[in-house]
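Enquirer:
Chains as they are written, first to last, in our numbering: chain A, 132 to 384; chain B, 47 to 268.
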C-alpha cells in the first residue's frame, strides 16, 4: 500500500438518533486510487461515504465520533467550512440529478457560485470538464438544450463533469450505474479508470463485478462494521474473512 | 445459504474426480502391460485415450460455462480455474500413459534387455504421486499436496539413474541393444513426466485451498 493517504477514517462511529449505523471504522482512502465499498443493503456503506463530504450532518438527530481527515486535516474541525469540503469532495448519486437547466448551465453553475465571472474562463472550464467526463463530443452542438433531454448515462456523465468543473479532488460515487444500461455502465467505468489519474475515487456498488473491474482497493462493510479491506485482487480471489467470502460468492444470508 | 452454483460445482468436482480415476486406471494398465509384457493391455490404454479426451472437453466446457454464467469470485473462482488446470494435467498424463503403452508394443515381441528393477520403482512413485495429488484435490488436503510436490525430486533422481545405466551399461557398450534400451529410456522419461504433472496438480491444489502460489516458488511450501 504505497500511495499517499488522501482520506483517513479513524475510530468513526455514526448514529442516526439512537441507532448506530457505523461502528469504529478505520479506513485509509489512497490518493489517485479507486476504492470500492461493498456490502449488503443497510451495511452502512452509503452512510460512510456521505460522511466523507459531511453530507450526513445535513440530517437531523445524527451524531458522529472519531476522526475523518482529508490530507491530514480533520474535516469536522470547527474552523473547517463544510461547503469547502463538499467542493473538494464531490459526489455522484445513484440516480443522475442534473439541474433543470441547460447542459452549459449545469456545469457553469458551480463555477459561478465560486465567484468566477470571467466568461471565457467559464466557457473553457465547461468544455474541459465535459471533455474529461467524455461527454463533449455528444453535447458540443447543443449546450443550450435542457440537461433533462440527455439519456440516463449522459446525465450521469454530466453530473461527473459538474464535480470536475469545481475542481473536486475526491469524487464519491454512490452506485453510479444502478440505473444505467450495460453500455452506459461501461462508459462510466471507463471514465472512472481514466479519472483516477487526477482524482481520488470512492465508489459504493452492489455490483461485485464492477467493484472487481474498476477498483484498486475494496472495503467490505457488514452491519456497520468494516470487515475487510485490501487490494481488490486479493479481496476477490482470496478474501481472508469468511463473511467476505460468503458475501462475494453470493452465499450470504 | 444454499445456492444453485453449489450444485453445479459439486457436479464439476465429480467430473474431475471421474477423470482422475480414469487416468489412474490408464497409468496402472500401461505399467502393468510393461511388467507383464501384455500386448492386449497396452492396446487397451491406446484405445481408451479417446474417452479421456472427450471428458476433458466436457469438463473444460463446464468450467467456461460456469465462469460465463456465474462470474464466480474467491473460493469458487479458485476452484473452477484450478479445475480447468487439473483437467488439462490429467489429460496430459493419459497421453503419456499412451506413450508408455506404445513403447511397450515396440518391446513386447523382443527379449527383455534386463530384468526391470528401477522402472517399476519409478512407476510406483508416479502412481502414488498421481493418486495422492487427486486425493489432495478431493479432500482439499494441503499437507498431502505439499508432500506430493516435495517427492518429485525422488523421481528425478531415479529417472537419471535409469537413464545413466541404460546409456552407459548397454547402448555405449553395444549399439545393437539400442532398439530395446531406447524404449525403456523413454519410458523412464515418461514416468518422470507423469510425476511432474502430479506435482503441478498438487501445486494447483495448494492454490485452490490456500490461495497461495507455490508453482515456481518452492520456498512457499514451508
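No residue lacks a Cβ here, since even glycine has one placed at the ideal position from N, Cα and C. Keep in mind it's a predicted model, so treat the numbers as computed, not measured.
1) Are residue 255 of chain B and residue 176 of chain B touching if we call contact CB-CB under 7 Å?
2) Would you say residue 199 of chain A faces chain B, with C-beta separation under 7 Å as the test?
3) Under 9 Å between beta-carbons, which chain B residues line up against residue 367 of chain A? List them in chain order, please.
4) Taking residue 257 of chain B as the query, report the chain A residues whose CB atoms sit under 7 Å from its CB, ordered along the chain.
5) If you draw a straight line from the alpha carbon of residue 375 of chain A to that of residue 359 of chain A, how long is it in whole angstroms?
6) Using beta carbons (cut-off 7 Å, strictly below), is residue 49 of chain B in contact with chain A?
7) Would you kindly work out how many angstroms separate the C-alpha atoms of residue 108 of chain B and residue 50 of chain B, rounded to a whole number?
8) For residue 116 of chain A, which residues does DSSP report across the bridge?
9) If you follow the beta strand (DSSP E) that residue 142 of chain A is part of, which residue opens it and which one closes it?
10) So which residues of chain B does residue 340 of chain A contact, with C-beta pairs closer than 8 Å?
11) Quick one: using the 10 Å Cβ neighbour count with 16 as the cut-off for buried, is residue 332 of chain A buried or exposed?
12) Determine which residues of the stretch 177 to 195 of chain A have a Cβ less than 9 Å from any Cβ of chain B, and write them out in chain order.
13) Which residues in chain B sit within 8 Å of residue 379 of chain A, going by Cβ to Cβ distance?
14) How many angstroms separate the CA atom of residue 243 of chain A from the CA atom of residue 173 of chain A?
15) List, in order along the chain, the chain B residues whose C-beta lies closer than 7 Å to that of residue 376 of chain A?
16) At what residues does the alpha helix (DSSP H) containing residue 188 of chain B begin and finish?
17) Can you check whether the CB of residue 292 of chain A is closer than 7 Å to the CB of residue 253 of chain A?
18) Do residue 283 of chain A and residue 310 of chain A have their CB atoms nearer than 7 Å?
19) Which residues bound the alpha helix (DSSP H) around residue 286 of chain A?
20) In or out: residue 157 of chain A buried (at least 16 other Cβ within 10 Å) or exposed?
21) Under 9 Å, CB to CB, which of the residues in the stretch 267 to 301 of chain A have a partner in chain E?
22) Provide the residue(s) that pair with residue 364 of chain A in DSSP beta bridges, ordered along the chain.
23) Let me know the secondary structure DSSP gives residue 211 of chain A once reduced to three states.
24) In the DSSP assignment, find the alpha helix (DSSP H) that holds residue 243 of chain A and state where it starts and stops.
Expert: Let me spell this out:
1) no
2) no
3) 119, 120, 123
4) 368, 369
5) 7 Å
6) yes
7) 14 Å
8) No information on residue 116 of chain A is available, as it lies outside the stretch 132 to 384 that chain A covers here.
9) 136 to 147
10) 117
11) buried
12) none
13) 119, 120
14) 37 Å
15) 120, 121
16) 188 to 196
17) no
18) yes
19) 283 to 296
20) exposed
21) Judged by its chain identifiers, the structure shown contains no chain E, and its protein chains are A and B.
22) DSSP lists no partner for residue 364 of chain A.
23) coil
24) 234 to 244
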